[in-house]
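K.L.:
2 protein chains.
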Amino acid sequence: MPYGDAMTTRTRSEERRAEIVRAALEVIAERGYRGASMAAVAERVGLTQQGLLHYFPTKDTLLVAVLKERDQWDAVPDSQWRLDLLASLADYNAMRPGIVQTFSALLGESVTEGHPAREFFTRRYVAVRASMAQVLRAEYGERLPSGLTPERAAPLLVAVMDGLQYQWLLDPESVDMPAAFRDFLVLLGEA
Amino acid sequence: MPYGDAMTTRTRSEERRAEIVRAALEVIAERGYRGASMAAVAERVGLTQQGLLHYFPTKDTLLVAVLKERDQWDAVPDSQWRLDLLASLADYNAMRPGIVQTFSALLGESVTEGHPAREFFTRRYVAVRASMAQVLRAEYGERLPSGLTPERAAPLLVAVMDGLQYQWLLDPESVDMPAAFRDFLVLLGEA
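Chains A and B, in that order, are what the protein sequence lines are. Sequential numbering from 1 applies to the first sequence in the UniProt record's numbering. Sequential numbering from 1 applies to the second sequence in the UniProt record's numbering.
1. What's the C-alpha gap between Ala191 of chain B and Leu157 of chain B?
2. Would you mind reading off the limits of the alpha helix (DSSP H) that contains Thr122 of chain A?
3. Could you tell me the boundaries of the alpha helix (DSSP H) in which Ala36 of chain A lies?
4. Against chain B, with Cβ distances strictly below 9 Å, would Glu84 of chain A count as a contact?
5. Counting only the same chain and skipping the five closest in sequence on each side, list residues whose C-beta sits under 6 Å from that of Val128 of chain A.
6. Count the other C-beta atoms from every protein chain shown that fall within 10 angstroms of the C-beta of Arg82 of chain B, then say buried if there are 16 or more, exposed otherwise.
7. Does the distance from the C-beta atom of residue 193 of chain A to that of Ala29 of chain A stay below 9 Å?
8. Around the Cβ of Thr8 of chain A, are there at least 16 other Cβ atoms within 10 angstroms (buried) or fewer (exposed)?
9. In chain order, which continuous runs of the alpha helix (DSSP H) of length 4 or greater are located wholly inside the UniProt domain "HTH tetR-type" (14-74) of chain A?
10. What do you get for Glu109 of chain A, buried or exposed, if any count of 16 or more other CB atoms within 10 angstroms of its CB means buried?
11. Closer than 7 Å between beta carbons: that is the criterion. Which residues of the region 169-185 of chain B meet it against chain A?
12. Under a Cβ-count criterion, where at least 16 other Cβ atoms within 10 Å of its own Cβ denotes burial, should Leu85 of chain B be classed as buried or exposed?
13. Tell me the DSSP secondary structure of Glu113 of chain A in three-state form.
14. For Met95 of chain A, which three-state DSSP category applies?
15. What's the call for Ala18 of chain B, buried or exposed, on a 16-neighbour Cβ count within 10 Å?
16. Quick check: what's the CA-CA separation for Leu170 of chain B versus Ala90 of chain A?
17. State the Cα-Cα distance for the pair Thr122 of chain A and Gln167 of chain B, rounded to the nearest angstrom.
18. Output, in sequence order along the chain, the residues in the region 45-56 of chain A whose CB is closer than 7 Å to any CB in chain B.
19. Relative to the C-alpha of Pro155 of chain B, which candidate in B:Pro145, B:Ala130, B:Glu139 and B:Ala179 has its C-alpha closest?
20. Would you please verify whether the beta carbon of Tyr166 of chain A is less than 9 Å from any beta carbon of chain B?
21. Below 8 Å on C-beta distance, what does Leu107 of chain A contact in chain B?
22. Give every residue of the same chain whose Cβ lies closer than 8 Å to the Cβ of Ala87 of chain A, excluding the five residues on either side of it in the sequence, and list them in chain order.
23. Roughly how many whole angstroms lie between the Cα atoms of Leu107 of chain A and Ala117 of chain A?
24. Determine whether the Cβ of Asp162 of chain A lies closer than 9 Å to any Cβ atom of chain B.
25. Name the chain B residues that come within less than 7 Å of Ser104 of chain A, Cβ to Cβ?
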């Protein structure tokens, strides 16, 4: 097979994989991971279940691809994060409720026994808290105006973002997520 | 049937129902609601599925009983809540991870399409935000030291409690939930 054709095949296969991951994101948003079936994902992309298994041999391998995809969207190098960018991230999230729904449903499920996303979220939060502590240190130094250290304020910053997402998904008319997150930044910065 | 016997029967039936609700709480903590089966609940209380259906004719009616039970534990009249009691609630929750797990798994699932707990959580958060605004007003008056109104700080208070629960359930060694919640109260109260 000439080189050019091999590349085309790989590209098509990668496009197909990306399409499957997008379909899986939608199905998880609608039903959660435990409620999602490979049959539903296959149907959404016009594949047979057998055809889907060619790309992702198990439901868990598909979940791993979904979680990797999710992390790539927000992949900003640690050194580039700033508090005001977090407010922009809240604005951005408010424009993509489907993605926030997938993530929030998976986080909720991840605390149940033996869930395949549990280790992913546990490691992710260790990394995110460390990254947020760095952002806070860059902004405020060793002590925030309240006297808290960056390491003690970091889990609160993460908790507010996650917790507001649930309130907003359930009731977007009552909860203005980006405005509420900016209110929290006011609390952090008050002297 | 003499009055006394009827009472005994009702009491036994109520005890049985309470036992089933406790089993359902455990099964939901382990598998989420969509992953929970009536068969698993029945097995845990030593009933046949047919026997379980006598008490709860559908999975949804059992869920309603679970959510009602949950709300009764925290039933403190609005006028009795104070900020320092919320810190005690965080202490108390840290001693009952199973219950927090049930609740967090259900909240996560509730944002998926057509989930039977969605309306419950939506209404609950409207009520909890109003109740927390009242607590903050009693403590600080019309403006918190940061300048936020009680109504704008309330969703943040609720979000921190929920968000910390996920971080703590995933990684209790790294996250001291009650201490982190008290740190948030410091942020709220700083002038």
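We treat Cβ as the ideally placed atom computed from N, Cα and C, and that holds for glycine.
P.N.:
Here's the rundown:
1. Here the model assigns Ala191 of chain B a pLDDT of 49, short of 50, so the residue's position is not dependable and the matter cannot be decided.
2. Arg118 to Tyr140
3. Ala36 of chain A -> no alpha helix (DSSP H), and no H or E assigned at all.
4. The sequence given here places Asp at residue 84 of chain A; Glu does not occur at that position. It does not: the Cβ of Asp84 of chain A has no partner Cβ on chain B nearer than 9 Å.
5. Val158
6. exposed
7. Residue 193 of chain A falls outside the range modelled here, since chain A spans only 1 to 191, and no answer is possible.
8. exposed
9. 38-44, 49-55 and 59-73
10. buried
11. Leu169, Leu170, Asp171, Ser174, Val175, Ala180, Asp183 and Phe184
12. exposed
13. coil
14. coil
15. exposed
16. 23 Å
17. 8 Å
18. none
19. B:Ala130
20. yes
21. Gly108 and Tyr166
22. Pro178, Phe181, Arg182 and Leu185
23. 8 Å
24. yes
25. Gly108 and Val111
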